[in-house]
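Novice: One structure, pasted below without further comment.
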Amino acid sequence: DAGDLMDAEDDAPIIRLINAILSQAVREQASDIHIETFEDRLSVRYRVDGVLAEVLSPKRMLAPLLVSRLKVMAKLDIAEKRVPQDGRISVRIAGHAIDIRMSTMPSAHGERVVLRLLDKQAGQLELRQLNMNEQVLHSYEKALRSPHGIILVTGPTGSGKTTTLYAGLSHI
Numbered sequence: 270d271a272g273d274l275m276d277a278e279d280d281a282p283i284i285r286l287i288n289a290i291l292s293q294a295v296r297e298q299a300s301d302i303h304i305e306t307f308e309d310r311l312s313v314r315y316r317v318d319g320v321l322a323e324v325l326s327p328k329r330m331l332a333p334l335l336v337s338r339l340k341v342m343a344k345l346d347i348a349e350k351r352v353p354q355d356g357r358i359s360v361r362i363a364g365h366a367i368d369i370r371m372s373t374m375p376s377a378h379g380e381r382v383v384l385r386l387l388d389k390q391a392g393q394l395e396l397r398q399l400n401m402n403e404q405v406l407h408s409y410e411k412a413l414r415s416p417h418g419i420i421l422v423t424g425p426t427g428s429g430k431t432t433t434l435y436a437g438l439s440h441i
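Going by the numbering used here, 313 is the number at position 44 of the sequence shown; the sequence numbering is gapless.
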């Protein structure tokens, strides 16, 4: 388990920049970080409460360094820039154990990166706290009790799929 990013005293500027981006995202309770390279600029955006807003526009020349460092953290192939890649990063930020799902996508001006932040210590909800209607809740509980079968939880990004699954797991 790596040390807390907030306590890191690394002198490499790109590492300090990534630590600052991740730490600020956790403080602002962002669910996603989008890093996009354009012809003349680099954009870092956070998704907070479903709204994507630019928070930083570092120098364009930092883009390959930023993407490469994140790829190293996620154990991805830093040389492969032509195909999408997916990976995971586990870090500790301000005392919170954070799992990060990372996706890269090639684009005309460099790679785009999306980081999905999952706070492992965020308050886990009980099934009754999910605000399901009674019929859906009853069906879900019945499916959870069944010794066989499969439960599919579908929905758009940020709709609560993971929260629903974790509440179901804690129920059993």
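Glycine included, every Cβ here is placed at the ideal spot set by N, Cα and C. Predicted model, so just to flag it, every value in this text is computed and none were measured.
(1) For Ala366, does the three-state DSSP call read helix, strand or coil?
(2) Taking the alpha carbon of Pro375 as the point to measure from, which residue in Ala289, Pro353, Gln398 and Asp318 has its own alpha carbon closest?
(3) Just checking my contact of Ala332 with Leu311 at CB under 8 Å: how many whole Å lie between their CB atoms?
(4) Do the stretch 381-389 and the stretch 285-302 make contact, defined as three or more Cβ pairs closer than 8 Å?
(5) Nearest-angstrom Cα distance between Gly429 and Ser439?
(6) Gly437 by DSSP, collapsed to three states: which one?
(7) DSSP three-state label for Glu323, please.
(8) Return the Cβ separation of Ala343 and Gly356 in integer angstroms, given the expectation that the two are a contact with Cβ distance under 8 Å.
(9) Nearest-angstrom Cα distance between Ile358 and Thr423?
(10) Sorted by chain position, which residues of the same chain lie with C-beta nearer than 7 Å to Leu413's C-beta, five sequence neighbours on each side aside?
(11) Can you look up Val336 in the DSSP assignment and give me helix, strand or coil?
(12) In three-state terms, what does DSSP make of Ser415?
(13) How is Met371 classed by DSSP in three states: helix, strand or coil?
(14) Taking the beta carbon of Thr431 as the centre, do at least 16 other beta carbons fall within 10 Å, making it buried, or is it exposed?
(15) Using the three-state DSSP reduction, which class does Arg314 fall into: helix, strand or coil?
Specialist: Quick answer:
(1) In this structure, DSSP gives Ala366 an extended state, which the three-state scheme calls strand.
(2) That would be Pro353, whose Cα lies nearest to the Cα of Pro375.
(3) 5 Å
(4) yes
(5) 15 Å
(6) In the structure shown, Gly437 adopts helical secondary structure according to DSSP, grouped into three states.
(7) strand
(8) 3 Å
(9) 24 Å
(10) Gly437, His440 and Ile441
(11) Correct three-state label for Val336: helix.
(12) coil
(13) strand
(14) exposed
(15) strand
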